[in-house]
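So the sequence shown is residues 0 to 108, counted in numbering that gives the first Met the number 0. Glycine included, every Cβ here is placed at the ideal spot set by N, Cα and C. Remember, predicted model here, so these are calculated numbers, not experimental data. Below: the structure, in structure tokens.
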Amino acid sequence: MRTLILVALLSLAACSVNQQYSEPWTVKAVGKTYEARDACLQRQAAPFAVDMSDASSAGRTVSANCQAETDALIASSNPHRDPVVTAAIRQDTDFRATGYVLKARGQNN
């Protein structure tokens with residue numbers, strides 16, 4: 000009986016290990032879309048290095064210029080189209096875009 004309980008517990012523990020990698024192709028696709036979005040944000044932020052506008056408004060402009068990459072990220076990481084997840088990704092994109100603008104200006108190391 001003890002052996003049966005031990006086997007059951009070990010089996011359950013093994014099932015929960017690395018659960019986020021149950022679909023490695025999905026994890027890889029999401030990683031690639033994150034990289035593509037961040038690369039776009041970095042490219043689009045470079046012209047704002049000498050711009051004296053507000054960093055957050057420049058970040059929103061950069062974010063809007065990378066809308067296609069953001070939409071691809073949302074599609075790959077939010078297959079159930081949860082509006083809360085979509086809003087969080089858009090907010091993260093604006094935040095990262097502002098960070099890239101500040102970095103281009105040398106204000107954020």
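- As the crow flies, the alpha-carbon of T92 is around 20 Å from that of G105.
- Within the same chain, and ignoring the five residues on either side of A57 in sequence, the residues whose Cβ sits closer than 7 Å to its Cβ are F47, D50 and V100.
- Judged by DSSP in its simplified three-state form, C39 adopts helix.
- DSSP, reduced to helix, strand and coil, places S52 outside both helices and strands of the structure shown, so it counts as coil.
- Following the DSSP letters along the chain, one finds P82 inside the alpha helix (DSSP H) bounded by residues P82 to A103.
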